[in-house]
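In our numbering, the protein residues as written are 30 to 769.
Take a look at the structure below.
Structure follows, in structure tokens:
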């Protein structure tokens, strides 16, 4: 009784005081420890049982093999196999099945096959175990041959055998055709209406994206239970692209149908339906479902906990997510990771790092997903030193081998301005997926290395890695920043025709930027009109930026009117128009734009730059004198400025300090926040170290020119990340080649 209830303390106490313990008692303790996950204790009891001269039976050996399978302890499993042979029990089908399960789960398919071939007593479970093992490693043709042999041997294909094989097929990427073959067998033996087989069939088709087939199977089920509904809802909820939102809504309809039929939803139902709410942005419905979760007393289940945190995160109600997290008695690593990821998604990066430190202080062990989320926080803050410390922790803990961690490391280094370290990480990866390639392509694009980005894409195609919409966003960004108009259009067409990827608003914004930077403003405007996103302010804002670059105030005024009409609360549109008029020498229209901004109650985000030195982050605003080393910073800055030849024909983006009167602005050019940060870097960093400065707004023309001269005169590498891209200044030139 105690073992079945999971109370192994009481069970062990009762076992220890027993005057006589038979093999059944020993088996119960071994199995009890295994059931609650204490595998090492289970093995210890098994060893004690042998030393006490207890005659082991088939259940003793089966329990030991189950422990070895879970622990992936192949060597221990082989020792148990040897004991089974010595005891003369190796021919029993019951132990044959346990041995095959152990070998296959430990990755030794040859061992499983040897056990199968040498056994004189095989049942349907034996055949099913071999087929599942073959599917698990992707040997589809061999699976088909064994399946045919099973049929020829007269073995009855029951629901358990077929359902298990279908489950194995659903977990393997290349088993779609085999699944269809088995579906034919299911229909042939009359099990197509069986609930167990039907749910496995649904799961297979849904995971392969074959929803039409899944729906047909669902409709043929005479009396679907909660498991079948769960499989169908989960299938609909897996669709996570923009065009699949209509499909995802079907999951919500199925959930309502479940409730109408009086079926009590399970934790798996709620987990899937919350995901559907996230994908369709049905946040209010998600909150109602949260109420239902409380009604069914499932609010503290781990799957539901992470799904609820994701819901509130995507709804930008992160405080509600925190309240749920703090109230949950089961704060396992899954919920911790979800909460840290929610902080990153809502741009609360410092909070994410603080939570990670708290997690470690509590003695909890993060997993690879936690590490990935925390590195993303470091990437967004551009704090390379903190990212390096987390990378060291990941390496010591064995997480660096995970592709998801290596991908996050690429983002972290690239986001901190160290493209060389990002490139080295990529080259050292054992397995590069589409995220890895996309990360490197995007990183090179943002660092102004358009040629390197396109060469990487060509190599990706050569290696048969299928690109996604993020990959092409990086490719188009590279073309835009490199002025490669013809190449950009070629890739834009290739994305649709060769890869079937429908362009979204970000892809189209890249194309507008590509045409606009090249001076083809009329073509850019026509592209917007034909793109299908003519009501999106992002595209018009990209065109307005190009109008400023090419000093086309007439087109710019018309475009600005359109973008302000679409999004009157966005300060960026007013800033671009203001600076365009100011560049053209029309101060009256510039001031009128600023007045319009005030009338609409729009406030511009203040300019902020920061630099990380020795693990500490130093932040500056324009004319900042709050830093403890302020006097030294200004002294060093004036010294650096005195050594360069000023370039008088560059004007600053003066709206960064809009409250300062026009006649005082010229005196503030040299106090821009990025210049102060660079001066501190020159003061405190060794000459061999690059100076990496991050900025929340675009760098102005005056600062851009000054940074080039700083890099030449001070003989320092300076990297500035602004709101759009990276500028790498070396020997008096910038990586953008002044095409920005």
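Cβ coordinates follow ideal geometry from the N, Cα and C atoms, glycine included.
Looking only at its own chain, which residues have a Cβ that is under 8 Å from the Cβ of residue 716, when we skip the five neighbours before and after it? Here residue 716 is taken as the residue at index 687 of the chain shown, counted from 1. Here the set comprises 744, 745.
Whose C-beta lies closer than 6 Å to the C-beta of residue 606 among residues of the same chain, with five residues either side of it excluded? Mapped onto the chain shown, residue 606 falls at position 577. Taken in chain order, the residues that qualify are 589, 622.
Test item: CB-CB of residue 357 and residue 408 under 8 Å: Along the chain shown, one-based indexing puts residue 357 at 328. Along the chain shown, one-based indexing puts residue 408 at 379. Residue 408 is positioned such that its CB atom lies no closer than 8 Å to that of residue 357.
In the DSSP assignment, find the unbroken alpha helix (DSSP H) run with residue 224 in it and report its ends. As a working mapping, residue 224 is identified with position 195 in the chain shown. Where residue 224 is concerned, the enclosing alpha helix (DSSP H) stretches over 224-236.
Evaluate residue 101 with the Cβ neighbour count: other Cβ atoms within 10 Å of its Cβ, from every protein chain shown; 16 or more gives buried, anything less gives exposed. Along the chain shown, read from residue 1 onward, the residue named residue 101 stands at position 72. Exposed: under 16 other Cβ atoms inside 10 Å.
Tell me whether residue 247 sits in a helix, a strand or coil according to DSSP, three-state version. Taking the first residue of the chain shown as 1, we reach residue 247 at position 218. If DSSP states are grouped into helix, strand and coil, residue 247 belongs with the helices.
Of the listed residues 703, 540, 628, 558, nearest to residue 575 (C-alpha basis): For this step, residue 575 is matched to residue 546 along the chain shown. Just measuring C-alpha positions, the residue of 703, 540, 628, 558 sitting nearest residue 575 is 540.
Taking Cβ positions, are residue 373 and residue 346 nearer each other than 8 Å? Position 344 of the chain shown, counted from the start, is the residue given in the question as residue 373. Position 317 of the chain shown, counted from the start, is the residue given in the question as residue 346. Against a cut-off of 8 Å, the Cβ pair of residue 346 and residue 373 comes out as no contact.
Where do the ends of the alpha helix (DSSP H) carrying residue 95 lie? Taking the first residue of the chain shown as position 1, residue 95 is located at position 66. Counting along the chain, the unbroken alpha helix (DSSP H) around residue 95 starts and ends at 87-100.
Between the alpha carbons of residue 280 and residue 286, how many angstroms are there, rounded? Counting from one through the chain shown, the residue named residue 280 turns up at place 251. Counting from one through the chain shown, the residue named residue 286 turns up at place 257. Roughly 10 Å between the two C-alpha positions.
Nearest-angstrom Cα distance between residue 637 and residue 649? Position 608 of the chain shown holds residue 637. Position 620 of the chain shown holds residue 649. Taking the straight line joining both Cα atoms gives about 6 Å.
Runs of 4 residues minimum, wholly inside the stretch 492-536: which ones carry the alpha helix (DSSP H) assignment? Runs of the alpha helix (DSSP H) inside the stretch 492-536: 498-511, 514-526.
Cβ-based burial, residue 704 [other Cβ within 10 Å; buried from 16]: As a first step, residue 704 must be located in the chain shown, where it is residue number 675. Under this definition residue 704 is a buried residue.
Would you say residue 318 and residue 306 are within 8 Å of each other, going by their C-beta atoms? Start at 1 with the first residue of the chain shown, and residue 318 comes out as number 289. Start at 1 with the first residue of the chain shown, and residue 306 comes out as number 277. Cβ distance < 8 Å, so residue 318 and residue 306 count as in contact.
Considering only C-alpha positions, which residue in the set 469, 464, 463 is nearest to residue 442? Here residue 442 corresponds to residue number 413 of the chain shown, with the count starting at 1. Of the candidates 469, 464, 463, the one whose C-alpha sits nearest the C-alpha of residue 442 is 469.
To the nearest angstrom, how far is it from the Cα of residue 326 to the Cα of residue 179? On the chain shown, position 297 is the one that residue 326 refers to. On the chain shown, position 150 is the one that residue 179 refers to. Rounded to whole angstroms, residue 326 and residue 179 show a C-alpha spacing of 45 Å.
Assuming residue 265 and residue 249 are in contact, meaning their beta carbons sit under 8 Å apart, how far apart are those beta carbons, in whole angstroms? Looking up residue 265 in the chain shown gives position 236. Looking up residue 249 in the chain shown gives position 220. That pair is no contact at about 17 Å.
Cβ-based neighbour list, residue 552, same chain, cut-off 7 Å, excluding 5 preceding and 5 following: Counting from 1 along the chain shown, the entry for residue 552 is found at position 523. Excluding five sequence positions before and after residue 552, the CB atoms of its chain that fall closer than 7 Å to its own CB belong to 544, given in chain order.
Give me the Cα-Cα distance between residue 728 and residue 414, rounded to the nearest whole angstrom. To locate residue 728, count along the chain shown from 1; it is residue 699. To locate residue 414, count along the chain shown from 1; it is residue 385. Answer to the nearest angstrom: the Cα atoms are 24 Å apart.
Thinking C-alpha only, which one of 627, 423, 599 is nearest residue 771? Shown here, the chain extends from 30 to 769; a query on residue 771 therefore has no answer.
Could you round the C-beta distance between residue 335 and residue 364 to whole angstroms and report it? I think they count as a contact, below 8 Å. Counting from one through the chain shown, the residue named residue 335 turns up at place 306. Counting from one through the chain shown, the residue named residue 364 turns up at place 335. Yes, residue 335 and residue 364 are in contact; Cβ-Cβ is about 6 Å, under 8 Å.
Please report the distance separating the alpha-carbon of residue 514 from that of residue 767. The residue given as residue 514 occupies position 485 in the chain shown. The residue given as residue 767 occupies position 738 in the chain shown. Whole-angstrom Cα-Cα distance: 17 Å.
By how many angstroms is the C-alpha of residue 314 removed from the C-alpha of residue 651? Within the chain shown, residue 651 is the residue found at index 622, counting from 1. Within the chain shown, residue 314 is the residue found at index 285, counting from 1. Those two C-alpha atoms are separated by around 45 Å.
Neighbourhood of residue 486 by C-beta distance below 6 Å, restricted to the same chain and skipping five residues each side: One-based indexing of the chain shown puts residue 486 at position 457. Cβ neighbours of residue 486 beyond the five flanking positions: 470, 504.
Taking residue 756 as part of the alpha helix (DSSP H), name the residues at either end of that continuous run. On the chain shown, position 727 is the one that residue 756 refers to. Element bounds for residue 756: not the alpha helix (DSSP H) but the beta strand (DSSP E), 755-759.
Simplified DSSP assignment, three categories, for residue 136: In the chain shown, residue 136 corresponds to position 107, counting from 1. In the three-state scheme derived from DSSP, where H, G and I count as helix and E and B as strand, residue 136 is classed as coil.
Use the C-beta contact count for residue 330: other C-beta atoms within 10 angstroms, 16 or more gives buried, fewer gives exposed. For this step, residue 330 is matched to residue 301 along the chain shown. By the neighbour-count criterion, in which 16 or more other beta carbons inside 10 Å mark a residue as buried, residue 330 falls on the buried side.
Determine the DSSP secondary structure at residue 616, reduced to helix, strand or coil. Translated into positions along the chain shown, residue 616 becomes position 587. In this structure, residue 616 counts as helix in the three-state DSSP scheme.
Taking the alpha carbon of residue 535 as the reference point, which residue from 209, 560, 547 has its own alpha carbon closest? To locate residue 535, count along the chain shown from 1; it is residue 506. Taking only the C-alpha atoms, the option nearest residue 535 is 560.
Any idea if residue 271 is buried or exposed, counting beta-carbon neighbours within 10 angstroms, 16 or more meaning buried? Here residue 271 corresponds to residue number 242 of the chain shown, with the count starting at 1. At residue 271, the pLDDT of 43 sits below 50, so the modelled position is not reliable; the number obtained from the coordinates is stated separately. Here residue 271 is exposed. Its C-beta has fewer than 16 other C-beta atoms within 10 Å.
From what residue to what residue does the beta strand (DSSP E) around residue 701 run? Locating residue 701 in the chain shown gives position 672, where the first residue counts as 1. Taken as a continuous stretch (DSSP letters only), residue 701 belongs to no beta strand (DSSP E), as it is neither H nor E.
Buried or exposed, going by whether 16 or more other CB atoms sit within 10 Å of the CB of residue 695? If you number the chain shown from 1, residue 695 lands on position 666. Low confidence applies to residue 695: its pLDDT is 43, below 50, so where it sits in the model is not reliable, and the reading given next is rough at best. Counting other Cβ atoms within 10 Å of its Cβ, residue 695 stays below 16 and is therefore classed as exposed.
Check the DSSP bridge columns for residue 765 and list the partner residues they point to. If you number the chain shown from 1, residue 765 lands on position 736. According to DSSP, residue 765 bridges with nothing at all.
Do you know offhand how far residue 529's Cα is from residue 496's? If you number the chain shown from 1, residue 529 lands on position 500. If you number the chain shown from 1, residue 496 lands on position 467. Cα to Cα, the separation comes out at about 11 Å.
Suppose you measure from the CA of residue 59 to the CA of residue 154; what does that come to, to the nearest Å? For the purposes of this step, residue 59 is taken as the residue at position 30 of the chain shown. For the purposes of this step, residue 154 is taken as the residue at position 125 of the chain shown. Distance between the alpha carbons of residue 59 and residue 154 is about 23 Å.
Mind checking residue 683: buried by the 16 CB within 10 Å criterion, or exposed? Here residue 683 is taken as the residue at index 654 of the chain shown, counted from 1. Model confidence at residue 683 stands at a pLDDT of 44, short of 50, so the residue's coordinates are unreliable; what they give is reported in the following sentence. Answer is buried; the Cβ neighbour count reaches 16.
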